[in-house]
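A.B. asks:
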Amino acid sequence: MELVEKIRQSLIGEGTRIPTSFGEKPLIYADYTASGRSLTFIEDAIREHVLPYYANTHTETSFTGAQSTAYREQARDIIRSAVNATDDDQIIFCGPGATAAINKLVDIMGLRHPADTTHEDQPVVFIGPYEHHSNELPWRESRAQVVVIPLAEDGTLDCDRLEAELTRFASRSLKIGSFSAASNVTGVKTDTHRVAKLLHAHGAVSLWDYAAAAPYVAIDMNPAGDALAAKDAVFISPHKLVGGPGTPGILVVKRKLMTNAVPAMPGGGTVLYVNPQDHTFITDPQRREEGGTPAIVEAIRAGLVFKLQQDVGIAKIEANEKDFRARALARWQGNPAIEVLGNAANDSLSIFSLRLKCETAGGMRDLHYGFVVALLNDLFGIQARGGCSCAGPYGHDLLNMDMRTSRAIEKEIKKGHMVLRPGWVRLNFNYFIDEATFDYLLSAVELIANYGAGLLPYYEFDSTSATWRYQGRAMQLGLPLEDFDFAADAAVGSNGKARQPAFEPSSDLPLFLAQAREELTR
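In terms of our numbering, the sequence shown opens at residue 1194 and continues consecutively.
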């Protein structure tokens, strides 16, 4: 079986149906930008080969300790190879995604607390126009001065402005550029080589947030024959890769940045020796920065999902995504009721943020993104996401919102008027989805754009949960955890048998589409 097909068939939850206000619908996951989905063969490998020999890695004398340590270090080596890192690049597993990785580096570099420096010698951090909050808020809360580089006219990072700002702050002893490799909103990619070379030419450090991009592009810490294009650190959220749920964040960082005498999180596993009066930290920066009992199984899983990505091949992933993106644009751009945010001509991941319109007496008006997400779920079973995608500043640019309007909206939101929060509908086409699912997603968006407004009278906005509900009904969720009966309920355990899918995409999705069309057009 071809590997992409095996991934498709091994997604845990694939072929499942979910209850909605319009009956059972196929679970169609289109929210991979937020998080990946688990795979049976990854979890089987962990259950069969890793968990039987699990132990804390802080010993190698016992077999289980040695085996767990070996697996974890092998995972580190797989990731090192995947990102073209050298022995000078430290691979550090750390907490919840890229957020933890960025905060870890802020602490390692001693930028968390105010220092005895004059304003003229204050560190400066340049960030981009389409940062996730994870690559903006930690810098805002650091002692560094934050300088935002705006969008160029074509919707990409303005490199001319970056160069001008680097020149303006040339006298600062520590200059840092921390940029997203790609936007998690529009998918627009950054020319990482060009920007890294520009930063290094001006004596700045080159840091990269790969949370959105890592599942779909190559990460090259050390481009061959071009030392200036090297990356000093990258931040990765492996949970966004397919198979990735239950993995830790990853910080890949050059040793030269790790000059801190005290680890960011002192504790067990970080010391060489402790006596009643003082202690000595270990010198290995990877071990020193992974204090406490590490996320052992989680780190091993991260290695496995990166191995899977490399086995599939980045070239194939990029080719499939490029094809899906081009065909989606060809379908949607001709529809006046569908607005694709961002410059569609830019080199981008297959991530789409949309605003759907409806015709009124006063002209075309936006359908609330939360209402659209509710219709995608209720009528089609499609799992998408609405809101600002944790990229508020970029959203202001995309929605042409000035600060006066923003402040007015913020004031109303603080009063509890959550319906006024700006946003859009986001979904993506992952490289392994089949043709029937791809067409189903396209058609669902088109049907809602054309007919969705007709269902507005049947939906209510719940300001407490900030969600839209059909006739105010609460969503039907699964069995509460407290009701799990491990002794009696066979459904809670695993009998080792694969479940039969509740639907087959090529034959059943057209039927579900017809049902949704009937509801929308009746």
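Backbone N, C-alpha and C fix where the C-beta goes; we use that ideal spot for every residue, glycine too.
Can you check whether the CB of Arg-1273 is closer than 8 Å to the CB of Ile-1284?
C.D. replies: For Ile-1284 and Arg-1273, yes; Cβs fall inside 8 Å.
A.B. asks: Run through the DSSP bridge pairs and tell me what Tyr-1652 is partnered with.
C.D. replies: For Tyr-1652, which the question treats as bridged, DSSP gives the partners Tyr-1663.
A.B. asks: Beta carbon of Lys-1368, beta carbon of Ala-1375: below 8 Å?
C.D. replies: Not in contact: Lys-1368 and Ala-1375 (Cβ atoms no closer than 8 Å).
A.B. asks: Quick check: Ile-1493 and Val-1299, are their CB atoms within less than 8 Å of each other?
C.D. replies: No, the Cβ-Cβ distance between Ile-1493 and Val-1299 is not below 8 Å.
A.B. asks: Within the stretch 1332–1392, note down every full beta strand (DSSP E) run reaching 3 residues or more, in order along the chain.
C.D. replies: The qualifying runs are 1338–1341 and 1368–1373.
A.B. asks: Look at the alpha carbon of Arg-1336 and the alpha carbon of Gln-1315, and state the distance between them as a whole number of angstroms.
C.D. replies: Near 8 Å, if we compare the C-alpha coordinates of Gln-1315 and Arg-1336.
A.B. asks: With Ser-1543 as the anchor, note down where its beta strand (DSSP E) starts and where it stops.
C.D. replies: No beta strand (DSSP E) contains Ser-1543, which DSSP labels as neither H nor E.
A.B. asks: Count Cβ pairs between the stretch 1245–1257 and the stretch 1398–1418 that sit closer than 8 Å; are there 3 or more?
C.D. replies: No contact exists between the stretch 1245–1257 and the stretch 1398–1418.
A.B. asks: Note down the Cα distance separating Val-1464 from Ala-1488, rounded to an integer number of angstroms.
C.D. replies: So the two alpha carbons sit approximately 18 Å from each other.
A.B. asks: Which of helix, strand or coil does DSSP assign to Ala-1680?
C.D. replies: If DSSP states are grouped into helix, strand and coil, Ala-1680 belongs with coil.
A.B. asks: Would you please state the rounded distance, in angstroms, between the beta carbons of Ala-1293 and Cys-1287? I believe it to be under 8 Å.
C.D. replies: Sure, about 5 Å apart at Cβ, within 8 Å.
A.B. asks: Pick from Thr-1385, Val-1378 and Glu-1329: whose alpha carbon is nearest that of Asp-1351?
C.D. replies: Comparing Cα-Cα distances from Asp-1351 to each of Thr-1385, Val-1378 and Glu-1329, the minimum goes to Thr-1385.
A.B. asks: Does DSSP classify Gly-1574 as helix, strand or coil?
C.D. replies: Looking at Gly-1574 - three-state DSSP - the assignment turns out to be coil, as it is neither helix nor strand.
A.B. asks: Whole angstroms is fine: what's the gap from Ala-1405's alpha carbon to Glu-1329's?
C.D. replies: So the two alpha carbons sit approximately 15 Å from each other.
A.B. asks: Candidates Pro-1478, Leu-1702, Val-1445 and Lys-1449: which alpha carbon is nearest Met-1139's?
C.D. replies: Residue 1139 lies beyond the stretch modelled for the chain, which goes from 1194 to 1715, so this question has no answer here.
A.B. asks: Ser-1620 and Leu-1634: beta carbons closer than 8 Å?
C.D. replies: Just to set this straight, residue 1620 is Leu in the shown sequence, not Ser. Yes, these two residues count as a Cβ contact at 8 Å.
A.B. asks: To which residues of the same chain is Ala-1145 closer than 6 Å at the C-beta, ignoring the five residues directly before and after it?
C.D. replies: No answer is possible for residue 1145: it lies beyond the span of the chain, which begins at 1194 and ends at 1715.
A.B. asks: With burial defined as no fewer than 16 other Cβ atoms inside 10 Å of the residue's Cβ, what is the status of Arg-1387: buried or exposed?
C.D. replies: Arg-1387 is exposed by the Cβ-count criterion.
A.B. asks: Can you say whether Val-1467 is buried or exposed, counting buried as having 16 or more other CB atoms within 10 angstroms of its CB?
C.D. replies: Val-1467 comes out exposed.
A.B. asks: Closer than 7 Å to a non-hydrogen atom of the ligand NAD - does that hold for the CB of Thr-1657?
C.D. replies: Absence of the ligand NAD from the depicted structure is noted, as is the absence of any ligand whatsoever, leaving it without description.
A.B. asks: By DSSP, does Ala-1519 sit in helix, in strand, or in coil?
C.D. replies: Helix, per DSSP.
A.B. asks: Measuring straight from C-alpha to C-alpha, what distance separates Phe-1517 and Asp-1224?
C.D. replies: Each residue's Cα considered, the two are about 15 Å apart.
A.B. asks: Flag this pair as yes or no: are the beta carbons of Asp-1627 and Arg-1201 separated by less than 8 Å?
C.D. replies: Yes, they are a contact pair.
A.B. asks: As an exercise, report each continuous beta strand (DSSP E) stretch of at least 3 residues that is fully enclosed by the stretch 1243–1299, in chain order.
C.D. replies: You should have 1282–1286.
A.B. asks: Quick one: Cα of Ile-1211 to Cα of Ile-1510, how far?
C.D. replies: Approximately 29 Å, taken between the alpha carbons.
A.B. asks: Taking contact to mean 3 or more Cβ pairs, one atom from each stretch, closer than 8 Å, check whether the stretch 1577–1587 and the stretch 1558–1566 are in contact.
C.D. replies: Yes, since at least three Cβ pairs between the stretch 1577–1587 and the stretch 1558–1566 fall closer than 8 Å, the two stretches touch.
A.B. asks: By the 10 Å Cβ neighbour count, where 16 or more other Cβ atoms means buried, how is Thr-1630 classified, buried or exposed?
C.D. replies: Buried, by the Cβ-count rule.
A.B. asks: Below 8 Å on the Cβ atoms is my contact criterion, and I expect Pro-1219 with Asp-1595 to pass it. Report the Cβ-Cβ distance as a whole number of Å.
C.D. replies: Actually they do not touch by this definition, with Cβ atoms about 42 Å apart.
A.B. asks: Please go through the same chain and pick out, in chain order, the residues whose beta-carbon is closer than 7 Å to the beta-carbon of Ile-1602, but skip the five residues on each side of it.
C.D. replies: So the list reads Leu-1613 and Pro-1615, once near-sequence residues are dropped.
A.B. asks: Using DSSP with H/G/I as helix, E/B as strand and the rest coil, what is Arg-1210?
C.D. replies: Arg-1210 falls in the strand class under three-state DSSP.
A.B. asks: Confirm, please, whether the CB-CB distance from Lys-1390 to Ala-1422 is below 8 Å.
C.D. replies: Taking 8 Å as the Cβ cut-off, Ala-1422 and Lys-1390 qualify as a contacting pair.
A.B. asks: Just to confirm my understanding: we take Ser-1261, look at its own chain, exclude 5 residues before and 5 after, and list those with CB closer than 7 Å. What are they?
C.D. replies: Around Ser-1261: Tyr-1246, Tyr-1247, Ala-1248, Thr-1250 and Ile-1489.
A.B. asks: Which first and last residues belong to the alpha helix (DSSP H) in which Met-1596 is found?
C.D. replies: 1596–1607 is the extent of the alpha helix (DSSP H) around Met-1596.
A.B. asks: Within 10 angstroms of the Cβ of Glu-1482, are there 16 or more other Cβ atoms? Answer buried if so, exposed if not.
C.D. replies: Buried.
A.B. asks: Could you pull the start and end residues of the alpha helix (DSSP H) that Val-1445 belongs to?
C.D. replies: Here Val-1445 belongs to no alpha helix (DSSP H); instead the beta strand (DSSP E) covers 1443–1447.
A.B. asks: Mind checking which residues open and close the alpha helix (DSSP H) that includes Val-1498?
C.D. replies: Val-1498 -> alpha helix (DSSP H) spans 1489–1505.
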